[in-house]
Amino acid sequence: MARHKPTPVQLPAHTALPEEVVREVGEPQGSDDDRSGRRVTVTGSLREGRRTVPGTATAHGIGGGAALVDVHFQDRATIIGVGVLELPQGGIALVDTGPEARLDGLRAGLAELGHSLQDVRAILLSHIHLDHATAAGAIVREAPGASVHVHAVGAPHMADPSRLLASAGRIYGDAMATLWGEFLPVPRASLRVVDEGDVVSLGGRRFEVGYVPGHAKHHVAYFEAATGTAWVGDVGGIRIRGGPTIPVTPPPDIDVELWKASMGRVMAWGPERIVATHFGPYRAIRSHFAELGAELDAWAGWVRDSLGDSSFADDRARAHAFSDWVTARLGEKIPEGHMALYATASGFFDSWWGLARYWRKRGAA
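Structure below.
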């Protein structure tokens, strides 16, 4: 397996930007204690479990020298989690960054763990959707020596996010700044392109990289064999408070077959747990992915059938009907109070469009 070398990436002058449809995400889920026999030696700050600063952030110590900081997106608990990895040789690494609009929430969570943004040595991005990556440039300004690891498709847009922002601006309009904040560019010298089979060594910790498309074509996952932990971004779907696992399928990159293959790619590592951005670590990995795959198939089947159903006035009517169907389907499995959390997390209406694009590219009506 090739060793990833920390050299500045040479970016192509032009790379086509997908039409990003990035959604808000849900609310609290539990986290597992680390029961692995494997350990990474760390300082005490990430061993002390959960600490809370009311109204700001919660740092969930999840074992294995790691924590998940809740940045309190839109002032709600446990919507977006940023991974924090203690580096034995000093400093920390982050897995994703959350939105720049909640950078103060990240600061607060790091402070609970005895750290600051100046301690960041590296950022491991799962993909470049706005809820995962918009704070990277701002963090590098405060920690100029930090490297930002990202797939080749996403790297050009981290260096120059102008086209991504123009696309997102057409979706979010005046809400862009409130939701996501300022997406500052990452200096090209700070970017490190990663892909399938690479190994990233950071301050005494070692992470294998897997290319896991299906949700986004710029999506990677990171596996640390020493702790048995796979950081999976959105490939693991959305799971709220230990409830059912569901996909999120915004345009333009959704590919059902690739997504299911990516689940298998993560499973091939043999992880003891996965950590999802939305939200938390889960150990029953096989059943987690089985449920996600079945739900992805069910969603895709409903959308395919809707495309051939002339009783709908237009695509918006199809998308609204899909949202109603998912709501009823979930309502059989979750407490009533959790429905709004799932709806916010997955964006049922937007998810219809991603699957519709997937089918139309394959010749569906």
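Residue 1 in this note's numbering is what sits at position 4 of the sequence shown, and the numbering runs on without skipping anything. All C-beta atoms in this analysis are idealised placements derived from N, C-alpha and C, irrespective of residue type, glycine included.
Helix, strand or coil at residue i [DSSP, three-state]
i      : result
Leu188 : strand
Pro278 : strand
Glu205 : strand
Glu193 : coil
Ile136 : helix
Ile89  : strand
Gly388 : Summary: the structure shown does not reach residue 388, with the chain confined to residues -2 through 362, and so no result is reported for it.
Leu127 : helix
Ile331 : coil
Lys214 : coil
Trp256 : helix
Ala337 : helix
Ile251 : coil
Leu100 : helix
His112 : coil
Trp266 : coil
Leu181 : coil
Arg357 : helix
Val307 : The sequence shown places Ser at residue 307, not Val. Coil at Ser307, not helix or strand.
Pro141 : coil
Ala172 : helix
Thr75  : coil
Gly351 : helix
Gly344 : coil
Thr94  : coil
Asp157 : coil
Rounded straight-line distance, which links the Cα of residue j to that of residue i
i      : j      : result
Ile282 : Arg270 : 7 Å
Ser259 : Asp250 : 14 Å
Gly267 : Gly207 : 13 Å
Ala90  : Gly106 : 14 Å
Pro158 : Ile125 : 10 Å
Ala265 : Glu288 : 18 Å
Phe345 : Leu127 : 18 Å
Ala218 : Gly87  : 23 Å
Ala227 : Arg262 : 11 Å
Arg202 : Val196 : 10 Å
Asp347 : Leu304 : 15 Å
Ala64  : Gly58  : 4 Å
Ala340 : Thr324 : 8 Å
Gly200 : Leu84  : 5 Å
Arg44  : Val81  : Residue placement at Arg44 is poorly supported in this model, since its pLDDT is 41, which falls under 50; the coordinates are not used for a value here.
Asp116 : Asp306 : 55 Å
Glu292 : Ala337 : 18 Å
Ala152 : Ala119 : 15 Å
Arg73  : Thr274 : 15 Å
Opposing strand residues paired with residue i [DSSP bridges]
i      : result
Trp228 : Tyr219, Val272
His146 : Leu121, Arg189
Thr242 : Arg236
Ser198 : Arg203
Contact belief for residue i with residue j at Cβ below 8 Å, rounded distance in angstroms
i      : j      : result
Leu103 : Val66  : 6 Å
Trp350 : Ala316 : 6 Å
Ala297 : Val253 : 5 Å
Glu97  : Ala135 : 5 Å
Gly233 : Ile243 : That pair is no contact at about 11 Å.
Gly318 : Phe309 : According to the sequence provided, residue 318 is Ala. The question's Gly does not apply to it. Ala318 to Phe309, Cβ: 7 Å. Contact.
Val79  : Asp101 : Contact flag wrong, Cβ pair sits at about 13 Å.
Thr55  : Phe276 : 11 Å between Cβ atoms; not a contact.
Ala361 : Arg313 : In fact, because the Cβ distance is near 18 Å, the residues do not count as touching under 8 Å.
Val137 : His215 : 19 Å between Cβ atoms; not a contact.
Val245 : Val183 : About 25 Å; that fails the 8 Å criterion.
*Check whether the stretch 126 to 142 touches the stretch 188 to 195, taking contact to mean three or more Cβ pairs, one atom from each stretch, closer than 8 Å.*
no
_Pairs of beta-carbons, one from the stretch 161 to 181 and one from the stretch 110 to 118, closer than 8 Å: are there three or more?_
no
_Between the stretch 322 to 334 and the stretch 233 to 246, can you find at least three pairs of beta-carbon atoms closer than 8 Å?_
yes
*Given 8 Å as the limit, is there contact between the stretch 155 to 169 and the stretch 204 to 224, that is, 3 or more CB pairs closer than that?*
no
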